[in-house]
Amino acid sequence: MRQDIRFHAGEAVTSRTFAAILSRHLDWLVTVDPHLHRYHELSEIYRIPTQVVHAAPFLASWIKRNVARPLIIGPDLESEQWVSQVAADADAPFLVCEKIRSGDRHVTISIPNAPAFLDRQPVLVDDIASSGRTLTEAARQLVGMGFARPDCVVVHPLFAGDAAQVLGGLVERIVSTNAVAHASNDIDVMPAIAEAVRHRIEWRAARQF
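Okay, so the sequence shown: first residue is 0 according to numbering that gives the first Met the number 0, each after it adds one.
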């Protein structure tokens, strides 16, 4: 879903390619927080019924139980709507980073207004952690501003190469959902996935009568 536009000549818009392949071979699709950036919903590119499980309430619940006086921080401006929901559910303020990405592994970050919240525990929240460069740079900036080492909470812990080790050296802890298997899994979204699957099975059965 991340490749939703052709950034450079010759690139494929792979989100559409994968949607076409899956639509040809699946009856329906249940997924957890797809990276909807330039698409508003999956039906724009999928030709099969889809259902999205939202992880925000699960992340917020974990934060409320495990972090005192949290400050929720999103990785970029596009994350504001999603991060604001986590913050509202966790009864916490939030900020979003301003990010300039030059290539897959080079990111420049600024965090406006962060010094006003130095008495809070920063919690970096992201939907996908792959290279981890954005989260790593945000963590480095926060510590440089005088914050405590941040917690990092992600939905999909892909962590390519040594990304988890590099990020882990800068944050207090990394916590993720079990939407993707990883050593950092501590937030269980399987009941919500199971409920969505049950709904789809019942929907399919009802259409057969």
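Glycine included, each C-beta is placed from N, C-alpha and C at the ideal position.
Residue i - containing alpha helix (DSSP H), residue span
| i | result |
| --- | --- |
| F158 | Taken as a continuous stretch (DSSP letters only), F158 belongs to no alpha helix (DSSP H), as it is neither H nor E. |
| Q172 | Here the sequence assigns Arg to residue 172, which means Gln is not the residue at that position. Unbroken run through R172 is the beta strand (DSSP E), 172-176; no alpha helix (DSSP H). |
| S109 | Where S109 is concerned, there is no enclosing alpha helix (DSSP H), although the beta strand (DSSP E) it sits in stretches over 106-109. |
| L76 | Per DSSP, L76 belongs to no alpha helix (DSSP H) and is neither H nor E. |
| L28 | First-last for L28: 28-31, but that is the beta strand (DSSP E), not the alpha helix (DSSP H). |
| L58 | 55-65 |
Cβ separation of residue i and residue j, assumed to be a contact under 8 Å, to the nearest whole Å
| i | j | result |
| --- | --- | --- |
| Q140 | V66 | Wrong, their Cβ atoms sit about 19 Å apart, outside the cutoff. |
| D150 | V122 | 5 Å |
| L70 | L94 | 7 Å |
| L76 | I47 | Not confirmed; about 31 Å, so no contact. |
| D209 | P74 | Residue 209 lies beyond the stretch modelled for the chain, which goes from 0 to 208, so this question has no answer here. |
Assigned secondary structure, residue i (DSSP; H/G/I helix, E/B strand, else coil)
| i | result |
| --- | --- |
| S42 | helix |
| S130 | coil |
| M0 | Note on M0: pLDDT 46, under 50, position unreliable in the model; no value is reported. |
| D88 | helix |
| I192 | helix |
| L123 | strand |
| T16 | helix |
Limits of the unbroken beta strand (DSSP E) element including residue i
| i | result |
| --- | --- |
| F93 | 93-95 |
| P69 | 69-73 |
| I186 | 184-186 |
| V179 | Premise fails: V179 is in no beta strand (DSSP E) and is neither H nor E. |
| V52 | 49-52 |
Minimum C-alpha distance to residue i - residue among the options
| i | options | result |
| --- | --- | --- |
| A138 | G167, P111, A55 | G167 |
| C96 | L21, E136, I173 | E136 |
| A159 | A128, G143, S109, F17 | A128 |
| H53 | G131, N184, K63, T176 | T176 |
| D32 | I110, A55, A205 | A55 |
| H155 | H181, R197, A204 | H181 |
| Q50 | L157, E194, D125 | E194 |
| R64 | I186, I110, P190, H34 | I186 |
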